[in-house]
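Residue numbers (our numbering), protein chains in the order written: chain A, 1 to 160; chain B, 1001 to 1160.
This is the structure:
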């Protein structure tokens, strides 16, 4: 009887632990993944770990490029611009978007942000939580992207 | 001692049940929602319950319209076409896409499908599982959509 009781308590402890792990996992920093992780963004254009998956390649029918980027916490793009602008659709996590001359903006799951043609911007994850986003580049007959300098820690951490 | 044992067993049963419910919930037919559910698609263009949220409105800068549709199981659009084509990005669930003259295609979370300019197509959820998708309409200066007849049950159920 004593042994049975100890077994029951041990099972209870194990099960509690398993439930706890499951709950912890649900609220963890892992994002809801929709697409394959893809290729790591090159160090000359990104700070930290950003993973890119191309979803729609450029062609002359749609003239639209679409892809997914998963920014790990703290990761961000360099400053850059697009000849026909860019649309970002945030599908999970928390991150930042900044347009040159404007304050850094916090972006979250469900948000949509636009950056107009030939305007400098950068985007990335928050320091603590990753950020997953789709990017849409319209009118690709005008071009795709011009890469510029790194986002400094001061810029990344600034809220003004 | 006996009472303690019964209490332990009862707690174990309760906890097992709670864990089980949690797991069942995770694999349920509810999709991972990213955007607000939006407006119900009108009965003249949709069969069943399809919910539309506009994400990017048409303008002359991006000339791109983006939105999200959540099709409940069995729901689908009418046959329709787009003057500059359409790109669909499936973010959760299982559904169907059919281009006129081609077999019905099964589409799932992570898939991307394109329908060329002025080609008839329809899209919707599978009979058992809902389907959530983003739609991208490029080159909106050419127009948005032309709605046509309903998808019959024979067309919806056909795999040829």
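Every residue, glycine too, gets a C-beta built ideally from N, C-alpha and C.
Only a predicted model underlies this, so the values are computations on that prediction, with no experimental measurement involved.
- Assigned with DSSP and collapsed to three states, residue 1155 of chain B falls in helix.
- Around the beta carbon of residue 1050 of chain B, 16 or more other beta carbons sit within 10 angstroms, so the residue counts as buried.
- Distance from residue 125 of chain A to residue 74 of chain A at the Cβ level is roughly 6 Å; contact confirmed, criterion being Cβ atoms closer than 8 Å.
- Under DSSP, the beta-bridge partners assigned to residue 1046 of chain B are B:1077.
- Taken in chain order, the complete alpha helix (DSSP H) segments of 4 or more residues contained in the stretch 1088 to 1143 of chain B number zero; there are none.
- Only residues of its own chain outside the window of five on either side were considered, and among them 63 have a CB closer than 7 Å to the CB of residue 141 of chain A, listed in chain order.
- For residue 89 of chain A, a Cβ of chain B is located within less than 8 Å of the residue's own Cβ.
- Contact between residue 33 of chain A and residue 137 of chain A is ruled out by a C-beta separation of about 22 Å, above the 8 Å threshold.
- Pairing residue 1123 of chain B with residue 1097 of chain B gives a Cβ-Cβ distance under 8 Å.
- Residue 35 of chain A belongs to the set of residues whose beta carbon lies under 8 Å from a beta carbon in chain B.
- Per DSSP, reduced to three states, the secondary structure at residue 55 of chain A is strand.
- Distance from the CA atom of residue 70 of chain A to the CA atom of residue 99 of chain A, rounded to whole angstroms, is 20 Å.
- For residue 92 of chain A, the closest C-alpha among the options A:76, A:84, A:77 and A:110 is that of A:110.
- In this structure, the alpha-carbon of residue 1054 of chain B lies about 10 Å from that of residue 1035 of chain B.
- Assignment of beta-bridge partners to residue 1067 of chain B by DSSP yields B:1054 and B:1135.
- Here the alpha carbon of residue 39 of chain A sits roughly 5 Å from the alpha carbon of residue 52 of chain A.
- Closest in C-alpha terms to residue 116 of chain A, from the list A:129, A:158 and A:87, comes A:87.
- Against chain B, the CB of residue 70 of chain A has no partner CB under 8 Å away; the residue lies outside that interface.
- Beta-bridge annotation (DSSP): residue 39 of chain A is paired with A:52.
- In the three-state reduction of the DSSP assignment, residue 60 of chain A falls in the coil class, being assigned neither a helical nor a strand state.
- Only residues of its own chain outside the window of five on either side were considered, and among them 1047, 1078 and 1079 have a CB closer than 8 Å to the CB of residue 1150 of chain B, listed in chain order.
- When only Cα atoms are considered, residue 144 of chain A and residue 157 of chain A end up about 28 Å apart.
- As DSSP reads the structure, residue 86 of chain A sits in a beta bridge with A:115.
- Non-local beta-carbon contacts of residue 1159 of chain B in its own chain, meaning distances under 8 Å to residues more than five positions away in sequence, involve 1103 and 1104 in chain order.
- Taking 8 Å as the CB threshold, residue 64 of chain A lines the interface with chain B.
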